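*Asks:* Next up is a structure, given as structure tokens.
Numbering (the working numbering), first residue to last: 5 to 400.
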């Protein structure tokens with residue numbers, strides 16, 4: 005462990021000499037030494053200390069790691085990418101919603117006119133409820149694909165390698181599919197209990213008052229597509245594909261937790277944030293162990309499809325029969341999750357089951373600090389917090 009009174013660098017440079025350091029002129033004791041500039045080949049270069057052996061046990065070591073570790077710049081880069089993407093997802097729907105107003109301006113007319121034209125065409129063919137679901141499909145696809153593709157290109161990430169569209173590892177499809185379905189079912193129970201707790205202390209959920217759903221077989225198909233298939237594909241492409249792919253270099257555990265936090269906070273209400281965060285942890289683990297995004301898409305789609313079934317075919321049942329069917333569903337989910345764990349443990353060693361890989365020597369605390377303190381991440385959390393304060397009321 006490094007104390008603040010000791011020299012923070014033991015073997016700092018290639019030369020291995022401490023004379024490369026000169027005392028900093030500032031009286032600030034946080035940095036007692038600074039690198040000495042040397043003239044090499046016509047250019048000034050700065051020798052930087054080797055901080056790979058530091059453990060981040062105290063604030064001084066943590067600051068040295070954040071300042072001098074070669075991966076620090078990369079961590080801030082992916083933090084900037086993540087924050088910008090989240091802010092795009094938050095603010096782009098507002099821009100599209102006010103498109104008809106803004107389109108009156110000559111500069112924005114050609115950007116928003118296609119959306120207005122498609123909306124008017126759909127209004128002349130389908131009912132208002134079906135048009136709302138189709139618009140939701142267009143918005144979801146736009147929000148979770150175009151910004152992620154654009155910023156991944158801007159930050160020079162290869163999309164095919166980042167998203168992992170390859171087939172899952174051999175022997176992982178059914179085990180992790182079963183495990184994921186069971187995990188989501190019981191995460192839903194925990195989320196419902198937490199929601200009841202918030203309501204008991206006076207918080208009212210704005211989610212309960214939903215819009216009217218389209219009726220008939222066509223309405224059921226459209227809602228299944230807009231609620232189950234499309235979110236499962238585009239949200240997993242965004243979070244377990246792009247974001248997880250750019251973060252996993254700094255630790256699979258870090259990537260799982262970071263994407264789960266962003267995934268949960270993006271839902272923007274107290275009811276869905278805990279559930280989305282817990283489900284994100286499970287889906288991130290599945291992504292890490294299968295090496296593919298396809299199982300995550302399937303689990304996400306199945307979980308959303310269950311809720312659609314309770315809105316349409318099963319909504320005609322009385323309360324008693326609905327409770328019975330839900331109990332049967334939970335029993336099936338429990339059996340599937342147990343079967344999944346058994347299949348995983350029989351085909352994989354304990355090390356493969358528990359260990360998450362890290363490709364960086366940067367300390368975990370430094371990685372988390374560099375990521376969560378980036379201005380774009382802070383702005384995103386602040387915007388969602390203000391939205392929560394504005395949409396939720398407290399009843400005394």
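Where a beta carbon is used, it is the ideal one built from N, C-alpha and C, also for glycine.
From a predicted model like this one, the values you see are computed outputs, not experimental measurements.
Quick check: the Cα distance between residue 334 and residue 193, rounded to an integer number of angstroms?
*Replies:* As a first step, residue 334 is located in the chain shown; it is residue number 330 there, counting from the start. As a first step, residue 193 is located in the chain shown; it is residue number 189 there, counting from the start. When rounded, the distance between both Cα atoms is 9 Å.
*Asks:* For residue 254, count neighbouring C-beta atoms within 10 Å of its own C-beta (all shown protein chains included) and say buried if the count is 16 or more, exposed if not.
*Replies:* Locating residue 254 in the chain shown gives position 250, counting from the first residue. With 16 or more other Cβ atoms within 10 Å, it is buried.
*Asks:* Looking at residue 302 and residue 150, is the spacing between their C-beta atoms short of 8 Å?
*Replies:* Walking along the chain shown from the start, residue 150 turns up at place 146. Walking along the chain shown from the start, residue 302 turns up at place 298. Not a contact, by the Cβ cut-off of 8 Å.
*Asks:* If the criterion is Cβ atoms closer than 8 Å, does the pair residue 131 and residue 218 meet it?
*Replies:* Counting from 1 along the chain shown, the entry for residue 131 is found at position 127. Counting from 1 along the chain shown, the entry for residue 218 is found at position 214. The answer is yes: Cβ separation under 8 Å.
*Asks:* Could you check where the alpha helix (DSSP H) with residue 72 kicks off and where it finishes?
*Replies:* The residue you call residue 72 lines up with position 68 of the chain shown. Here the alpha helix (DSSP H) through residue 72 covers 63-72.
*Asks:* State the DSSP-derived secondary structure class of residue 188, mapped to helix, strand or coil.
*Replies:* Counted from its first residue, the chain shown places residue 188 at position 184. Helix, per DSSP.
*Asks:* Which residue wins for smallest C-alpha separation from residue 347, given the options 174, 393, 389?
*Replies:* Here residue 347 refers to the residue found at position 343 when the chain shown is read from its first residue. The candidate whose alpha carbon is nearest that of residue 347 is 174.
*Asks:* Whose CA, out of 282, 80, 360, lies closest to the CA of residue 381?
*Replies:* Position 377 of the chain shown, counting from 1, holds the residue named residue 381. Among 282, 80, 360, the Cα nearest to that of residue 381 is on 80.
*Asks:* For residue 172, I'd like the list of residues in its chain whose CB is within less than 7 Å of its CB, leaving aside the five on either flank, ordered along the chain.
*Replies:* On the chain shown, position 168 is the one that residue 172 refers to. Same-chain partners within the cutoff: 294, 295, 296, 298, 299.
*Asks:* DSSP on residue 149, reduced to helix/strand/coil?
*Replies:* Residue numbering aside, residue 149 sits at position 145 when the chain shown is read from its first letter. Three-state DSSP puts residue 149 in coil, outside helix and strand.
*Asks:* Quick check on the DSSP output: what are the complete alpha helix (DSSP H) runs of length 4 or more inside the region 309-394, in order along the chain?
*Replies:* 323-351, 354-358, 368-376
*Asks:* With distance defined between alpha-carbon atoms, name the residue in 250, 292, 329 nearest to residue 177.
*Replies:* For the purposes of this step, residue 177 is taken as the residue at position 173 of the chain shown. Minimum Cα distance to residue 177 is reached at 292.
*Asks:* Look at the alpha carbon of residue 40 and the alpha carbon of residue 342, and state the distance between them as a whole number of angstroms.
*Replies:* By 1-based counting over the chain shown, the position of residue 40 is 36. By 1-based counting over the chain shown, the position of residue 342 is 338. Here residue 40 scores only 46 on pLDDT, less than 50, and its place in the model should not be relied on; the value that follows carries that caveat. Looking at the two C-alpha atoms, the distance is approximately 60 Å.
*Asks:* In whole angstroms, give me the CA-to-CA distance for residue 145 and residue 312.
*Replies:* Looking up residue 145 in the chain shown gives position 141. Looking up residue 312 in the chain shown gives position 308. Residue 145 and residue 312 have their C-alpha atoms roughly 19 Å apart.
*Asks:* Taking its Cβ as the centre, do 16 or more other Cβ atoms sit within 10 Å of residue 199, making it buried, or is it exposed?
*Replies:* To locate residue 199, count along the chain shown from 1; it is residue 195. Label assigned to residue 199: buried.
*Asks:* Within a Cβ cutoff of 6 Å, which residues of the same chain sit near residue 366, ignoring the five residues on either side of it in sequence?
*Replies:* Against the chain shown, residue 366 aligns to sequence position 362. The residues are 73, 75.
*Asks:* Tell me which same chain residues have a C-beta within less than 7 Å of the C-beta of residue 90, skipping the five on either side of it?
*Replies:* Within the chain shown, residue 90 is the residue found at index 86, counting from 1. Short of 7 Å from the beta carbon of residue 90, and not among the five residues preceding or following it, lie these beta carbons of its own chain, in chain order: 266, 270, 384.
*Asks:* Please classify residue 239: does DSSP put it in a helix, a strand, or coil?
*Replies:* On the chain shown, position 235 is the one that residue 239 refers to. If DSSP states are grouped into helix, strand and coil, residue 239 belongs with the helices.
*Asks:* Where residue 338 and residue 280 are concerned, what is the direct C-alpha to C-alpha distance, given to the nearest angstrom?
*Replies:* For this step, residue 338 is matched to residue 334 along the chain shown. For this step, residue 280 is matched to residue 276 along the chain shown. Going by C-alpha positions, residue 338 is about 20 Å away from residue 280.
*Asks:* Excluding the 5 residues flanking residue 96 on each side, which residues of the same chain have their C-beta closer than 8 Å to its C-beta?
*Replies:* Mapped onto the chain shown, residue 96 falls at position 92. Around residue 96: 146, 147, 151.
*Asks:* For residue 262, which of helix, strand or coil comes out of DSSP?
*Replies:* Residue numbering aside, residue 262 sits at position 258 when the chain shown is read from its first letter. Note: residue 262 maps to helix in three-state DSSP.
*Asks:* Give every residue of the same chain whose Cβ lies closer than 6 Å to the Cβ of residue 140, excluding the five residues on either side of it in the sequence, and list them in chain order.
*Replies:* Translated into the one-based positions of the chain shown, residue 140 becomes position 136. The answer, listed in chain order, is 230.
*Asks:* Would a C-beta distance cut-off of 8 Å place residue 183 and residue 345 closer than the cut-off?
*Replies:* Within the chain shown, numbered from 1, the residue matching residue 183 stands at position 179. Within the chain shown, numbered from 1, the residue matching residue 345 stands at position 341. The criterion of a C-beta distance shorter than 8 Å is satisfied by residue 183 and residue 345.
*Asks:* Does residue 217 come out as helix, strand or coil in the three-state DSSP assignment?
*Replies:* Here residue 217 refers to the residue found at position 213 of the chain shown. DSSP places residue 217 in coil when its eight states are reduced to three.
*Asks:* State the Cα-Cα distance for the pair residue 220 and residue 161, rounded to the nearest angstrom.
*Replies:* If you number the chain shown from 1, residue 220 lands on position 216. If you number the chain shown from 1, residue 161 lands on position 157. Straight through space, the alpha carbons of residue 161 and residue 220 are spaced by roughly 44 Å.
*Asks:* Grab the span of the alpha helix (DSSP H) containing residue 163 for me, first residue to last.
*Replies:* One-based indexing of the chain shown puts residue 163 at position 159. Membership of residue 163 in the alpha helix (DSSP H) is indicated by the continuous run 163-167.
*Asks:* Excluding the 5 residues preceding and the 5 following residue 257 in the sequence, name in chain order all residues of the same chain whose CB lies nearer than 6 Å to its CB.
*Replies:* For this step, residue 257 is matched to residue 253 along the chain shown. Taken in chain order, the residues that qualify are 360.
*Asks:* Please list, in chain order, all residues of the same chain as residue 222 whose beta carbon is under 8 Å from its beta carbon, the five residues on each side excluded.
*Replies:* Residue mapping note: residue 222 aligns to position 218 of the chain shown, counting from 1. Here the set comprises 134.
*Asks:* With 8 Å as the threshold, decide whether the Cβ of residue 334 is near any Cβ in chain C.
*Replies:* Among the protein chains of the structure shown there is no chain C, as only one such chain exists.
*Asks:* Between residue 285 and residue 128, what straight-line distance do the alpha-carbon atoms span, to the nearest angstrom?
*Replies:* For the purposes of this step, residue 285 is taken as the residue at position 281 of the chain shown. For the purposes of this step, residue 128 is taken as the residue at position 124 of the chain shown. If I take the Cα positions, the gap works out to 43 Å.
*Asks:* Expressed to the nearest angstrom, what Euclidean distance is found between the alpha-carbon atoms of residue 389 and residue 350?
*Replies:* Numbered from 1 along the chain shown, position 385 holds the residue referred to as residue 389. Numbered from 1 along the chain shown, position 346 holds the residue referred to as residue 350. So the alpha carbons of these two residues sit roughly 44 Å apart.
*Asks:* Using the Cβ count rule (16 or more neighbours within 10 Å means buried), how would you classify residue 240?
*Replies:* Your numbering for residue 240 matches position 236 in the chain shown. Classification of residue 240: buried, given that the 10 Å Cβ count is 16 or more.
*Asks:* Is it the case that the Cβ atoms of residue 329 and residue 321 are separated by a distance below 8 Å?
*Replies:* On the chain shown, position 325 is the one that residue 329 refers to. On the chain shown, position 317 is the one that residue 321 refers to. The answer is yes: Cβ separation under 8 Å.
*Asks:* Which same chain residues end up closer than 7 Å to residue 264 when comparing Cβ atoms and leaving out the 5 residues on each side of it in sequence?
*Replies:* The sequence position of residue 264 within the chain shown is 260, counting from 1. Answer for residue 264: 281, 284, 285, 288, listed in chain order.
*Asks:* Determine the direct distance from the alpha carbon of residue 387 to that of residue 216, and round the result to whole angstroms.
*Replies:* Here residue 216 refers to the residue found at position 212 when the chain shown is read from its first residue. Here residue 387 refers to the residue found at position 383 when the chain shown is read from its first residue. Looking at the two C-alpha atoms, the distance is approximately 28 Å.
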